[in-house]
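Novice: Residue numbers (my numbering), protein chains in the order written: chain A, 2 to 178; chain B, 2 to 178; chain C, 2 to 178. Backbone N, C-alpha and C fix where the C-beta goes; we use that ideal spot for every residue, glycine too. All of these numbers come straight from a predicted model, not from anything done at the bench.
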Amino acid sequence: MDCIRIGIITASDRASAGIYEDISGMAIQDTLKSYLLSSFEIVYRCIPDEQAVIEQTMIELADQQACCLIVTTGGTGPAPRDVTPEATENVCIKMLPGFGELMRQVSLQYVPTAILSRQTAGIRGQSLILNLPGKPASIRQCLDAVFPAIPYCIDLIGGPYLQCNEAVIKAFRPKST
Amino acid sequence: MDCIRIGIITASDRASAGIYEDISGMAIQDTLKSYLLSSFEIVYRCIPDEQAVIEQTMIELADQQACCLIVTTGGTGPAPRDVTPEATENVCIKMLPGFGELMRQVSLQYVPTAILSRQTAGIRGQSLILNLPGKPASIRQCLDAVFPAIPYCIDLIGGPYLQCNEAVIKAFRPKST
Amino acid sequence: MDCIRIGIITASDRASAGIYEDISGMAIQDTLKSYLLSSFEIVYRCIPDEQAVIEQTMIELADQQACCLIVTTGGTGPAPRDVTPEATENVCIKMLPGFGELMRQVSLQYVPTAILSRQTAGIRGQSLILNLPGKPASIRQCLDAVFPAIPYCIDLIGGPYLQCNEAVIKAFRPKST
Numbered sequence: 002m003d004c005i006r007i008g009i010i011t012a013s014d015r016a017s018a019g020i021y022e023d024i025s026g027m028a029i030q031d032t033l034k035s036y037l038l039s040s041f042e043i044v045y046r047c048i049p050d051e052q053a054v055i056e057q058t059m060i061e062l063a064d065q066q067a068c069c070l071i072v073t074t075g076g077t078g079p080a081p082r083d084v085t086p087e088a089t090e091n092v093c094i095k096m097l098p099g100f101g102e103l104m105r106q107v108s109l110q111y112v113p114t115a116i117l118s119r120q121t122a123g124i125r126g127q128s129l130i131l132n133l134p135g136k137p138a139s140i141r142q143c144l145d146a147v148f149p150a151i152p153y154c155i156d157l158i159g160g161p162y163l164q165c166n167e168a169v170i171k172a173f174r175p176k177s178t
Numbered sequence: 002m003d004c005i006r007i008g009i010i011t012a013s014d015r016a017s018a019g020i021y022e023d024i025s026g027m028a029i030q031d032t033l034k035s036y037l038l039s040s041f042e043i044v045y046r047c048i049p050d051e052q053a054v055i056e057q058t059m060i061e062l063a064d065q066q067a068c069c070l071i072v073t074t075g076g077t078g079p080a081p082r083d084v085t086p087e088a089t090e091n092v093c094i095k096m097l098p099g100f101g102e103l104m105r106q107v108s109l110q111y112v113p114t115a116i117l118s119r120q121t122a123g124i125r126g127q128s129l130i131l132n133l134p135g136k137p138a139s140i141r142q143c144l145d146a147v148f149p150a151i152p153y154c155i156d157l158i159g160g161p162y163l164q165c166n167e168a169v170i171k172a173f174r175p176k177s178t
Numbered sequence: 002m003d004c005i006r007i008g009i010i011t012a013s014d015r016a017s018a019g020i021y022e023d024i025s026g027m028a029i030q031d032t033l034k035s036y037l038l039s040s041f042e043i044v045y046r047c048i049p050d051e052q053a054v055i056e057q058t059m060i061e062l063a064d065q066q067a068c069c070l071i072v073t074t075g076g077t078g079p080a081p082r083d084v085t086p087e088a089t090e091n092v093c094i095k096m097l098p099g100f101g102e103l104m105r106q107v108s109l110q111y112v113p114t115a116i117l118s119r120q121t122a123g124i125r126g127q128s129l130i131l132n133l134p135g136k137p138a139s140i141r142q143c144l145d146a147v148f149p150a151i152p153y154c155i156d157l158i159g160g161p162y163l164q165c166n167e168a169v170i171k172a173f174r175p176k177s178t
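#1: Would G78 (chain C) pass as an interface residue toward chain F - the criterion being a Cβ-Cβ separation below 9 Å?
#2: Let me check one thing: in DSSP terms, what residues is G26 (chain C) bridge-paired to?
#3: If you count every other CB in all the chains shown that lies within 10 Å of the CB of K34 (chain A), and 16 or more means buried, which is it?
#4: Compute the beta-carbon to beta-carbon distance between L157 (chain C) and G78 (chain A), rounded to the nearest angstrom, for a pair I have assumed lies under 8 Å.
#5: Given this structure, state the Cα-to-Cα distance separating T178 (chain B) from Y153 (chain B), to the nearest angstrom.
#6: Please state the DSSP three-state secondary structure of T178 (chain A).
#7: 9 Å is my cut-off, CB to CB: does F173 (chain B) come that close to chain C?
#8: In angstroms with no decimal places, state the Cα-to-Cα distance between S118 (chain B) and G99 (chain A).
#9: According to DSSP, what are the bridge partners of N132 (chain C)?
#10: The stretch 69–94 of chain C: which residues have C-beta closer than 8 Å to a C-beta of chain A, in chain order?
#11: In whole angstroms, give me the CA-to-CA distance for A122 (chain B) and I94 (chain B).
#12: At what residues does the beta strand (DSSP E) containing V44 (chain B) begin and finish?
#13: Excluding the 5 residues preceding and the 5 following A88 (chain C) in the sequence, name in chain order all residues of the same chain whose CB lies nearer than 7 Å to its CB.
#14: I'd like the ranges of any alpha helix (DSSP H) spanning at least 4 consecutive residues and lying wholly in the stretch 112–170 of chain A.
#15: Count the other C-beta atoms from every protein chain shown that fall within 10 angstroms of the C-beta of M38 (chain C), then say buried if there are 16 or more, exposed otherwise.
#16: Quick check on K136 (chain B): buried or exposed, where buried means 16 or more other Cβ atoms within 10 Å of its Cβ?
#17: With DSSP as the reference, label G19 (chain A) as helix, strand or coil.
#18: Go ahead and pull the three-state DSSP assignment for I94 (chain C).
#19: Going by beta carbon distance, what residues of the same chain come within less than 6 Å of N91 (chain C), once the five residues before and after it are set aside?
#20: I need the straight-line Cα distance from G101 (chain C) to A172 (chain C), nearest angstrom please.
#21: List, in chain order, every chain C residue whose beta-carbon is nearer than 8 Å to that of R119 (chain A).
#22: Since Y113 (chain B) meets chain A, which of its residues come closer than 7 Å, beta carbon to beta carbon?
#23: Quick check: what's the CA-CA separation for G26 (chain C) versus I155 (chain B)?
#24: Under the DSSP definition of a beta bridge, which residues are partnered with L33 (chain B)?
#25: Might you give, ordered along the chain, the residues of its own chain that have their beta carbon closer than 8 Å to the beta carbon of I140 (chain B), omitting 5 neighbours on each side?
#26: So, with DSSP's three-state summary, where would you put R6 (chain A)?
#27: What is the DSSP secondary structure of A80 (chain B), reduced to helix, strand or coil?
#28: Any beta carbon of chain C sitting closer than 9 Å to that of A168 (chain B)?
#29: Enumerate in chain order the residues of its own chain whose CB-to-CB distance from A16 (chain A) is below 6 Å, with the five nearest sequence positions on each side excluded.
#30: What's the gap between the Cα of I170 (chain A) and the Cα of A138 (chain C)?
#31: Relative to the C-alpha of G160 (chain C), which candidate in A:V44, A:A80 and A:Q120 has its C-alpha closest?
#32: Show which residues of chain B have a CB atom less than 8 Å away from the CB atom of C154 (chain A).
#33: One question on the structure: do A146 (chain A) and L103 (chain A) come within less than 9 Å of each other, judged by their Cβ atoms?
#34: Who are the neighbours of L131 (chain A) on chain B, taking C-beta pairs under 9 Å?
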């Protein structure tokens with residue numbers, strides 16, 4: 002059986018230059034480990050906020066590394082160097098606006114600046130690409146909100162079966178199509 | 002007086018091949034009949050999940066059949082054969098993102114996988130095109146949520162006056178522009 | 002110190018032709034005056050619902066007049082002459098879908114036809130462009146909902162520091178990036 006592979010891309014000029022530690026990438030990894038009973042391998046990349054580099058990295062993780070899920074952190078705000086959603090749209094064949102809507106709605110319960118986030122999600126081949134915010138606290142809030150839909154989404158695009166630790170997060174799979 | 006015409010498009014490989022009955026299309030028809038006091042004629046098409054066919058059918062129902070409202074069911078998920086939102090965007094001149102947002106929000110009260118739906122709505126000439134989910138139960142939930150805005154929308158694009166059965170659904174028309 | 006400049010664009014065939022008074026533009030001006038302790042100058046334009054004219058006016062207010070915030074009113078519905086969101090998308094480099102989502106959600110508490118509004122927001126250079134509805138009552142509801150995020154957004158795109166009257170509206174600026 003092939004191993005399940007999940008990509009984590011940290012888009013951050015400062016973290017990729019070693020100016021500070023990539024706490025966000027670690028937070029995603031820890032959260033995924035707490036969610037999943039299925040064993041999986043992390044493919045991790047920490048790169049600068051360059052749209053072309055982000056796109057190439059997403060393409061590599063989807064097409065060569067065969068990650069069924071690619072989670073990004075950083076680069077979703079309104080500042081000029083925030084280009085992760087643009088990269089995501091460029092490499093995806095289908096966008097899933099419901100992910101961004103729900104994550105903004107959840108974040109709005111904590112901060113009114115949640116509406117500044119342009120985070121989204123989309124499909125490239127057999128990979129689901131999901132943008133998360135840059136801050137560790139918001140990452141967990143967003144993942145808790147959207148993850149219940151992710152295993153079924155990956156089923157629908159022909160990916161591997163993800164089994165969740167139901168004590169931590171409940172995946173939902175409708176009975177029939 | 003010209004008769005009011007409403008289109009129903011079922012996008013489904015299996016229903017169009019006769020593998021199973023189109024319960025979803027019937028559910029839409031029954032719901033519309035319960036909503037509207039105005040007499041109307043249904044123009045019904047059951048077609049495969051082929052983007053070009055869906056687009057041609059939408060164009061025919063809007064431009065030749067003069068349907069003021071065209072409701073689709075099916076093809077809004079993340080799977081490769083789900084292409085109804087793409088077809089809708091291609092034939093519409095204006096998109097109305099508020100429909101998809103509200104329908105996903107309502108469906109989220111029932112299933113966390115509601116965020117996987119890419120359903121949307123848009124305007125083509127004097128026709129409002131609305132994507133609904135594939136499952137009969139979700140169809141009614143979504144229509145109940147968005148229909149109160151539909152008669153006024155059709156007024157605004159120069160369509161016929163739809164009169165609702167207020168005991169079932171209340172159309173809302175603002176007092177003045 | 003350069004003066005803070007805020008643009009107000011009323012897109013309305015009738016108001017620009019002098020058929021009625023531009024109450025909406027005045028409502029925006031009054032609301033902004035009640036929000037802001039920082040002194041600012043209004044750059045005001047009342048123009049017809051012509052997409053090219055709206056785009057040129059947005060470009061002038063952003064690039065020549067150096068407005069850090071450009072607020073529009075009118076032209077966000079589904080009717081053929083409603084083209085303000087299209088103009089906004091054409092002149093912006095980044096769209097901020099969270100603004101439209103939140104404004105529609107807030108308006109939905111008052112009228113079910115809120116889903117017909119296509120209002121959005123985006124970034125052009127160092128300007129935030131925000132579409133508001135045409136009706137004075139809805140304008141205030143929408144601004145109250147989204148304004149807390151606006152000063153920080155303008156910080157992020159390199160604009161001036163807006164200070165709010167906290168008794169009226171609380172701007173939110175996260176502690177650290």
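Specialist: If we stick to the structure as given:
#1: Structure shown: chain F not included; protein chains present are A, B and C.
#2: Answer is none; G26 (chain C) lacks a bridge partner.
#3: K34 (chain A) comes out exposed.
#4: Contact between L157 (chain C) and G78 (chain A) holds, since their C-beta atoms are separated by about 6 Å, short of 8 Å.
#5: With a pLDDT of 48 at T178 (chain B), under the threshold of 50, the modelled position of this residue cannot be trusted; read the value that follows with caution. Using only the alpha carbons, I get a separation of about 11 Å.
#6: The predicted position of T178 (chain A) is uncertain, since its pLDDT is 48 and thus under 50; a value taken from the coordinates is nonetheless stated next. Of the three classes helix, strand and coil, the one that applies to T178 (chain A) here is coil, per DSSP.
#7: The beta carbon of F173 (chain B) falls within 9 Å of a beta carbon belonging to chain C, placing the residue at that interface.
#8: A straight line joining the alpha-carbon of S118 (chain B) with that of G99 (chain A) spans about 7 Å.
#9: As DSSP reads the structure, N132 (chain C) sits in a beta bridge with C:T73.
#10: From the stretch 69–94 of chain C, no residue has a Cβ closer than 8 Å to chain A.
#11: One C-alpha to the other measures close to 11 Å.
#12: Looking at the DSSP string, the run of the beta strand (DSSP E) that includes V44 (chain B) is F41 to I48.
#13: Only Q52, I55, E56 and M59 meet the Cβ criterion.
#14: Here the runs fully enclosed are 137–147 and 151–157.
#15: Per the sequence presented here, residue 38 (chain C) reads as Leu, with Met not at that position. Residue environment for L38 (chain C): exposed (fewer than 16 other C-beta atoms within 10 angstroms of its C-beta).
#16: Classified as buried, K136 (chain B) has 16 or more neighbouring CB atoms from the shown chains inside 10 Å of its CB.
#17: Looking at G19 (chain A) - three-state DSSP - the assignment turns out to be coil, as it is neither helix nor strand.
#18: I94 (chain C): coil per DSSP, three-state reduction.
#19: Answer for N91 (chain C): E56, listed in chain order.
#20: So the alpha carbons of these two residues sit roughly 19 Å apart.
#21: Neighbours of R119 (chain A) on chain C, chain order: K95, M96, L97, P98 and G99.
#22: Looking at the sequence itself, residue 113 (chain B) is Pro, so the reference to Tyr does not match. The contacting residues are P149, A150 and F173.
#23: When rounded, the distance between both Cα atoms is 27 Å.
#24: The partner list for L33 (chain B) (beta bridge, DSSP) is empty, contrary to what the question assumes.
#25: Within the same chain, and ignoring the five residues on either side of I140 (chain B) in sequence, the residues whose Cβ sits closer than 8 Å to its Cβ are S25, A28, I29, T32, T74, L133 and P134.
#26: It is a strand residue.
#27: A80 (chain B) falls in the coil class under three-state DSSP.
#28: Answer no: the Cβ-Cβ gap between A168 (chain B) and chain C never drops below 9 Å.
#29: Excluding positions up to five away in sequence, the list reads D23 and C47.
#30: If you take the alpha carbons of I170 (chain A) and A138 (chain C), they lie about 42 Å apart.
#31: Out of A:V44, A:A80 and A:Q120, A:A80 has the C-alpha closest to the C-alpha of G160 (chain C).
#32: Within chain B, the residues near C154 (chain A) are P79, T114 and L117.
#33: Going by beta carbons, A146 (chain A) and L103 (chain A) fall inside the 9 Å limit.
#34: Within chain B, no C-beta atom comes nearer than 9 Å to that of L131 (chain A); the closest sits roughly 11 Å away.
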